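**Q** The following block contains the structure, expressed as structure tokens.
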Amino acid sequence: MIGLLDANNFYASCERVFRPDLMHQPIAILSNNDGCIIARSHEVKALGIPMGAPYFQVKKILDQHRAVVFSSNFSLYGDMSCRMMTLLDALVPRMEIYSIDESFVDFSGIKDISKLVHHIKNHIWYSLGIPISIGVGETKTLAKVANQVAKRKGKGPSVHILKGESAIDEALQNLTVRDIWGIGRRMSERLLGFGIYTGLQLKQVDPRWMRRQFTVMGERLVQELNGISCLSLEDVRDPKKSIQVSRSFRSPIRELEDLRSVVASYAMRLGEKLRSDGLRTKNIMVHIRTNIFQKNSPQYRNHTVVTLPNPVEDDINLVKACTRALEDIFKEGFGYHKAGVMAFDLLSQEDNVQFDLFSSLPTEDQGRKELFQALDSLNKRYGSGTVSLAACGNKPRWRDGKKNVSPAYTTRWKDLPKVFAK
DNA sequence: TCTGGGGTCCTAGGACCC
DNA sequence: TCTGGGGTCCTAGGACCC
């Protein structure tokens, strides 16, 4: 059995820990620039205010109900998340942190699951003041379903264990396809078109048909609803594949100079994130765009990628690359509303570093000399390590009438010292 | 007037290789 | 005139999640 532990209204609950006087008052948390609603307490949800609603559209109704509105405080939420996960980790054999406020837990081998989940729920509530819901099911997707059942029991901490065919079917009968984890707006629209409305109907669909219509994702979903586990518990976190920093602006930015300083600050934040994850990058993407909500204004969006010869994680190189990329895509005459930088195809500190010599090496002596210099810089930059060498002769080729250089052959020496000894 | 930020996975199709 | 078979890698774009 797999459990899904999910904090109730996490950001709002975090704020309440430090403002216990707001325990029964409606609370909403706003995004960057106080633009829209990104978290709501139970009471605000009850007012019918949707997730992501622009603040200016719902401000009136929030005021009427004397809601307390917070700007987001992500360092607080991150810290509370860390505490919560630490408490949980001490109580369970295996877990996967799924998001800032959710964890999957492996309950296999646990004799009395009900006792344990109640203990977890109470422990986190009394130690941290965060109310959580725990759902337990045969697969991750069913654990998600169980969690929704638990949440419907009330606004306080709650648990639900989903076991037995009829109980599962009943729970699924009460959910729309849109409520199922993994089904978003587009898929639910298409499913509705096929006459599939409830979770139970989806469970009864032929998985092969699902695969044809909705790719393997759809097939897995149906299998998971039938208790066949397709999504395993990943207790070891894979390293990140991309890291980005992006923001919308309160008011549009028109000048390149202003945008440049914004992008430079994102580049430095990107560097911080890379370094804290022990990662480097060769690929950096910069994007800018006008305000997509201003339907009547001219729109412009663009992005570009800079690929560096060597992996970097330092501010200077990142800022240089990002501002250079910005100049490629910046166009005058637009008011920009959002910009972002992203590093992708990340390398870990342990990954091989490629160091390219661009000069040709006409004689053996010169080749040897340049290789030694390259090794020397490698050592200075990355410390000692193992080295493999690839030599590429560049033979010009033509494609689509354009000259195009690609390696003609590659030779690799495994044992560098021996090569040099010769 | 004011509309978030940060991720992941999958597919199709093209280019290229032997 | 007929025109193989088996791959890999890359990219853009879509969809989803919290």
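Under our numbering, the first sequence has 162 at position 162, and the numbering climbs by one with no breaks. Where a beta carbon is used, it is the ideal one built from N, C-alpha and C, also for glycine. It should be emphasised that the depicted structure is a prediction, and the values quoted were computed from it without experimental measurement.
1) With distance defined between alpha-carbon atoms, name the residue in 1, 69, 327 nearest to residue 137.
2) For residue 182, tell me which candidate among 220, 155, 30 has the shortest Cα-Cα distance.
3) From 248, 130, 319, 272, pick the residue whose C-alpha is nearest to that of residue 11; which is it?
4) What separation, rounded to the nearest whole angstrom, lies between the Cα atoms of residue 105 and residue 218?
5) Sort 134, 67, 292, 38 by Cα distance to residue 115 and report the nearest one.
6) If distances are taken between C-alpha atoms only, which option among 3, 326, 331 comes closest to residue 158?
7) Compute the Euclidean distance between the alpha carbons of residue 111 and residue 162, then round it to the nearest angstrom.
8) Below 8 angstroms on the Cβ atoms is my contact criterion, and I expect residue 456 with residue 282 to pass it. Report the Cβ-Cβ distance as a whole number of Å.
9) What is the DSSP secondary structure of residue 334, counted as helix, strand or coil?
10) Taking the continuous beta strand (DSSP E) assigned at residue 285, which residues delimit it?
11) Taking contact to mean at least 3 C-beta pairs separated by less than 8 angstroms, is the segment 41–54 in contact with the segment 21–28?
12) Span of the alpha helix (DSSP H) holding residue 167?
13) Could you compute how far the alpha carbon of residue 292 sits from the alpha carbon of residue 233?
14) May I ask you to report which of helix, strand or coil DSSP gives residue 100?
15) If you run the structure through DSSP and keep just helix, strand and coil, what is residue 264?
16) Going by Cα to Cα distance, which pick from 32, 65, 55, 36 is closest to residue 47?
17) For the alpha helix (DSSP H) containing residue 207, list its first residue and its last residue.
18) For residue 396, does the count of other Cβ atoms within 10 angstroms reach 16, so buried, or fall short, so exposed?
19) In the DSSP output, which residue or residues are listed as bridge partners for residue 54?
20) Quick check: the Cα distance between residue 319 and residue 266, rounded to an integer number of angstroms?
21) Measure the CB-CB distance between residue 14 and residue 76 and report whether it falls below 8 angstroms.
22) Using 8 angstroms as the Cβ pair cut-off and three pairs as the minimum, do the segment 81–100 and the segment 49–58 touch?
23) Sorted by chain position, which residues of the same chain lie with C-beta nearer than 7 angstroms to residue 270's C-beta, five sequence neighbours on each side aside?
24) When the Cα of residue 167 is compared with those of 240, 239, 250, 226, which residue comes out closest?
25) How would you write the range of the alpha helix (DSSP H) that residue 124 sits in, first residue to last?
26) To the nearest angstrom, how far is the alpha carbon of residue 164 from that of residue 277?
27) Check the DSSP bridge columns for residue 176 and list the partner residues they point to.
28) Leaving out the 5 sequence neighbours to the left and right, which residues in its chain are closer than 8 angstroms to residue 240 when beta-carbon positions are compared?
29) With DSSP as the reference, identify every bridge partner of residue 42, one or two as the case may be.
30) Based on DSSP bridge pairs, tell me the residues matched to residue 302.
31) Grab me the residues of residue 180's own chain with a C-beta within less than 6 angstroms of its C-beta, minus the 5 sequence neighbours each way, in chain order.
32) Hey, how far is the Cα of residue 304 from the Cα of residue 284?
33) Assuming residue 338 and residue 289 make a contact with CB atoms under 8 angstroms, what is their CB distance in whole Å?
34) Excluding the 5 residues preceding and the 5 following residue 214 in the sequence, name in chain order all residues of the same chain whose CB lies nearer than 7 angstroms to its CB.
35) Excluding the five sequence neighbours on either side, which residues of its own chain have a C-beta within less than 8 angstroms of the C-beta of residue 61, listed in chain order?
36) Can you tell me whether residue 160 is buried or exposed, with buried defined as 16 or more other CB within 10 angstroms of its CB?
**A** Taking the coordinates as given:
1) 1
2) 220
3) Of the listed residues, the one whose Cα sits closest to residue 11 is 130.
4) 24 angstroms
5) 134
6) 3
7) 16 angstroms
8) The structure shown does not extend to residue 456, since the chain spans only 1 to 422, so no value can be given for it.
9) coil
10) 279–290
11) yes
12) Looking at the DSSP string, the run of the alpha helix (DSSP H) that includes residue 167 is 165–173.
13) Spanning the two alpha carbons is a distance of roughly 38 angstroms.
14) DSSP places residue 100 outside both helix and strand once states are collapsed to three, so it counts as coil.
15) helix
16) 65
17) Looking at the DSSP string, the run of the alpha helix (DSSP H) that includes residue 207 is 207–225.
18) Low confidence applies to residue 396: its pLDDT is 36, below 50, so where it sits in the model is not reliable enough to give any reading.
19) 36, per the DSSP bridge assignment.
20) 8 angstroms
21) Yes.
22) no
23) Excluding positions up to five away in sequence, the list reads 243, 245, 318, 341, 343.
24) 226
25) 113–128
26) 43 angstroms
27) Its beta-bridge partners are 198.
28) 277, 279, 346
29) DSSP, once it has assigned bridges, lists no residue as partnering residue 42.
30) 288, per the DSSP bridge assignment.
31) 199
32) 8 angstroms
33) 5 angstroms
34) Taken in chain order, the residues that qualify are 187.
35) 47, 49
36) buried
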